[in-house]
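Report on the structure given below.
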Amino acid sequence: MEIVGWLGVAAGFLVAPPQLYKILKHKKTDGISRVTYSFLVLALICYLIHAISIGDMVFITAQSINLFTNTIILGYLIWG
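Set out below in C-alpha coordinates:
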(Lines of atoms letter the chains of each structure in order from A and count residues from 1; the text may use other names and numbers.)
(Lines give C-alpha, C1' and ligand atoms only; values in the text may rest on other atoms or scores of the structure.)
Protein backbone atom coordinates (compact mmCIF):
# COMPACT_ATOMS: atom_id res chain seq x y z
CA MET A 1 0.00 0.00 0.00
CA GLU A 2 2.91 2.35 0.53
CA ILE A 3 3.39 2.56 -3.25
CA VAL A 4 -0.06 4.15 -3.48
CA GLY A 5 1.12 6.86 -1.08
CA TRP A 6 4.21 7.53 -3.18
CA LEU A 7 2.05 7.70 -6.31
CA GLY A 8 0.00 10.31 -4.48
CA VAL A 9 3.16 12.29 -3.75
CA ALA A 10 4.04 12.19 -7.45
CA ALA A 11 0.55 13.25 -8.49
CA GLY A 12 0.53 16.04 -5.91
CA PHE A 13 3.82 17.31 -7.27
CA LEU A 14 2.05 17.95 -10.58
CA VAL A 15 -0.26 20.57 -9.01
CA ALA A 16 1.68 23.53 -7.61
CA PRO A 17 4.92 23.57 -9.68
CA PRO A 18 3.10 24.37 -12.94
CA GLN A 19 1.39 27.31 -11.20
CA LEU A 20 4.74 28.52 -9.89
CA TYR A 21 6.28 28.15 -13.35
CA LYS A 22 3.46 30.23 -14.84
CA ILE A 23 4.00 32.97 -12.25
CA LEU A 24 7.75 33.04 -12.86
CA LYS A 25 7.41 32.95 -16.65
CA HIS A 26 4.79 35.68 -16.97
CA LYS A 27 5.75 37.70 -13.86
CA LYS A 28 2.04 38.03 -13.02
CA THR A 29 -0.21 36.68 -10.30
CA ASP A 30 -3.50 37.94 -11.72
CA GLY A 31 -6.47 35.75 -10.88
CA ILE A 32 -4.77 33.89 -8.03
CA SER A 33 -6.33 34.27 -4.58
CA ARG A 34 -4.07 35.32 -1.70
CA VAL A 35 -6.68 34.19 0.80
CA THR A 36 -6.90 30.72 -0.75
CA TYR A 37 -3.13 30.26 -0.75
CA SER A 38 -2.89 31.62 2.83
CA PHE A 39 -5.33 28.98 4.06
CA LEU A 40 -3.67 26.32 1.91
CA VAL A 41 -0.27 27.03 3.46
CA LEU A 42 -1.80 26.97 6.95
CA ALA A 43 -3.43 23.61 6.18
CA LEU A 44 -0.15 22.22 4.84
CA ILE A 45 1.67 23.30 8.01
CA CYS A 46 -0.91 21.45 10.10
CA TYR A 47 -0.69 18.36 7.87
CA LEU A 48 3.11 18.38 8.10
CA ILE A 49 3.03 18.64 11.89
CA HIS A 50 0.63 15.70 12.00
CA ALA A 51 2.75 13.69 9.55
CA ILE A 52 5.85 14.26 11.68
CA SER A 53 3.97 13.28 14.84
CA ILE A 54 2.93 9.93 13.36
CA GLY A 55 6.26 9.39 11.59
CA ASP A 56 4.81 8.72 8.13
CA MET A 57 7.58 9.38 5.58
CA VAL A 58 5.22 9.41 2.59
CA PHE A 59 3.04 12.03 4.26
CA ILE A 60 6.07 14.02 5.50
CA THR A 61 7.58 14.07 2.01
CA ALA A 62 4.33 15.07 0.33
CA GLN A 63 3.55 17.85 2.77
CA SER A 64 7.12 19.18 2.74
CA ILE A 65 7.13 19.46 -1.06
CA ASN A 66 3.68 21.01 -1.14
CA LEU A 67 4.45 23.42 1.68
CA PHE A 68 7.70 24.55 0.04
CA THR A 69 6.15 25.16 -3.37
CA ASN A 70 2.95 26.78 -2.13
CA THR A 71 4.84 29.04 0.29
CA ILE A 72 6.86 30.38 -2.65
CA ILE A 73 3.64 31.01 -4.57
CA LEU A 74 2.13 32.78 -1.55
CA GLY A 75 5.29 34.89 -1.26
CA TYR A 76 4.88 36.01 -4.87
CA LEU A 77 1.23 36.81 -4.22
CA ILE A 78 2.07 38.94 -1.18
CA TRP A 79 5.36 40.59 -2.16
CA GLY A 80 5.70 39.79 -5.86
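The numbering used here applies: residue 425 is where the sequence shown begins, and numbers increase by one.
Think of the CB as a built atom: it goes at the ideal place given N, C-alpha and C, for glycine as much as any other residue.
Compute the distance between the beta-carbons of residue i and residue j, then report whether it is under 8 Å.
{"i": "Phe437", "j": "Ile489", "result": "yes"}
{"i": "Leu491", "j": "Ile456", "result": "no"}
DSSP three-state label for residue i, please.
{"i": "Ile456", "result": "coil"}
{"i": "Lys446", "result": "helix"}
{"i": "Gly479", "result": "coil"}
{"i": "Gly432", "result": "helix"}
{"i": "Val465", "result": "helix"}
{"i": "Leu491", "result": "helix"}
{"i": "Leu498", "result": "helix"}
Report the CB separation of residue i from residue j in whole angstroms; it is logged as a contact under 8 Å.
{"i": "Leu444", "j": "Ile496", "result": "6 Å"}
{"i": "Leu472", "j": "Gln487", "result": "4 Å"}
{"i": "Thr493", "j": "Pro441", "result": "6 Å"}
{"i": "Gly504", "j": "Thr453", "result": "6 Å"}
Please determine whether the Cβ atom of residue i lies at a distance below 7 Å from any heavy atom of the ligand FMN.
{"i": "Tyr471", "result": "You won't find the ligand FMN in this model; it holds no ligand whatsoever."}
Can at least three beta-carbon pairs, one atom from the region 476 to 493 and one from the region 454 to 461, be found at a separation below 8 Å? no
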